[in-house]
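Novice: With my numbering as the guide, the letters of the sequence shown map in order to residues -4 to 131. Where a beta carbon is used, it is the ideal one built from N, C-alpha and C, also for glycine. This is the structure I want to talk about, given as structure tokens.
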Amino acid sequence: MAKKTFACVINCMDGRTQEPVIQYLKEKLGVTYIDSVTEPGPALHLAEQNSPWVENIKACCDVSVMKHKSRTIALVGHHDCAGNPVPKKTQLEQLKKGIALLRSWYPELTIYGLWIDRTWTVYEVLSDLNPSPKKG
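Laid out in structure tokens, this is it:
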């Protein structure tokens, strides 16, 4: 029987973002399961680090990393976010700051920033290897 592998995603609670992100990560990473941590506008909370949701996000990620042995975490921003209704440029900066916080928590993991556009297409816009926004 093949080993079951996990990755973790910190995604918006918006239901429109769930399936595209899970499908994208399973295909990109070749993992069996995606642990989903959902909050409204999570990149905002991680970037500002002053929300009670930050502790919850960390606790959920800890379970994914420590118990499920996730080696990758993705942080997601998206078009038309009700929990973080700011322009894409602002969300990309928040993703960058959020990834820096995640990196401080999990220095050994691969961390990605994902953007979902108005057609619900997923794009990798940031990674722990290149923390500058990519064009696209």
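By Cβ distance, which residues of its chain are closer than 7 Å to His63, with the 5 residues on each side in sequence left out?
Specialist: In the sequence shown, the residue the question calls residue 63 occupies position 68. The residues are Phe1 and Asp30.
Novice: Give the secondary structure of Ala69 by DSSP, where H, G and I count as helix, E and B as strand, and everything else as coil.
Specialist: Your numbering for residue 69 matches position 74 in the sequence shown. In the structure shown, Ala69 sits in a strand (DSSP, three-state: E or B).
Novice: In the DSSP assignment, what are the bridge partners of Tyr107?
Specialist: In the sequence shown, the residue the question calls residue 107 occupies position 112. Tyr107 pairs with Ala69 and Ser122.
Novice: Within its chain, find whatever has a CB closer than 6 Å to the CB of Gly131; leave out the 5 residues flanking it on each side and keep chain order.
Specialist: On the sequence shown, residue 131 is found 136 positions in, with the first residue counted as 1. Because the pLDDT at Gly131 is just 41, under 50, the model does not fix this residue reliably, and the value given afterwards should be weighed accordingly. Closer than 6 Å at Cβ, skipping near neighbours: Tyr118.
Novice: Tell me whether the beta-carbon of Val120 lies closer than 8 Å to the beta-carbon of Leu87.
Specialist: For the purposes of this step, residue 120 is taken as residue 125 along the sequence shown, with counting starting at 1. For the purposes of this step, residue 87 is taken as residue 92 along the sequence shown, with counting starting at 1. In contact: Val120 and Leu87 (Cβ atoms closer than 8 Å).
Novice: Below 8 Å between beta carbons: does that hold for Leu90 and Gly78?
Specialist: On the sequence shown, residue 90 is found 95 positions in, with the first residue counted as 1. On the sequence shown, residue 78 is found 83 positions in, with the first residue counted as 1. No, Cβ-Cβ distance for Leu90 and Gly78 is not below 8 Å.
Novice: What residue range is occupied by the uninterrupted alpha helix (DSSP H) comprising Tyr135?
Specialist: Because the chain spans -4 through 131 in this model, residue 135 falls outside it and cannot be assessed.
Novice: Please report the straight-line C-alpha distance between Asn6 and Leu104, rounded to a whole angstrom.
Specialist: The residue labelled residue 6 in the question sits at position 11 within the sequence shown. The residue labelled residue 104 in the question sits at position 109 within the sequence shown. If you take the alpha carbons of Asn6 and Leu104, they lie about 17 Å apart.
Novice: At the level of alpha carbons, what is the spacing between Thr116 and Pro15?
Specialist: Here the question's residue 116 lines up with position 121 in the sequence shown. Here the question's residue 15 lines up with position 20 in the sequence shown. Approximately 7 Å between the Cα atoms of the pair.
Novice: Does DSSP put Thr33 in a helix, in a strand, or in coil?
Specialist: On the sequence shown, residue 33 is found 38 positions in, with the first residue counted as 1. The answer is strand: DSSP assigns Thr33 an E or B state.
Novice: Taking just the CA atoms, how far does Lys84 sit from Pro126?
Specialist: To locate residue 126, count along the sequence shown from 1; it is residue 131. To locate residue 84, count along the sequence shown from 1; it is residue 89. The pLDDT assigned to Pro126 is 46, lower than 50, so where the model puts this residue is not dependable; a value taken from the coordinates is nonetheless given after this. Using only the alpha carbons, I get a separation of about 14 Å.
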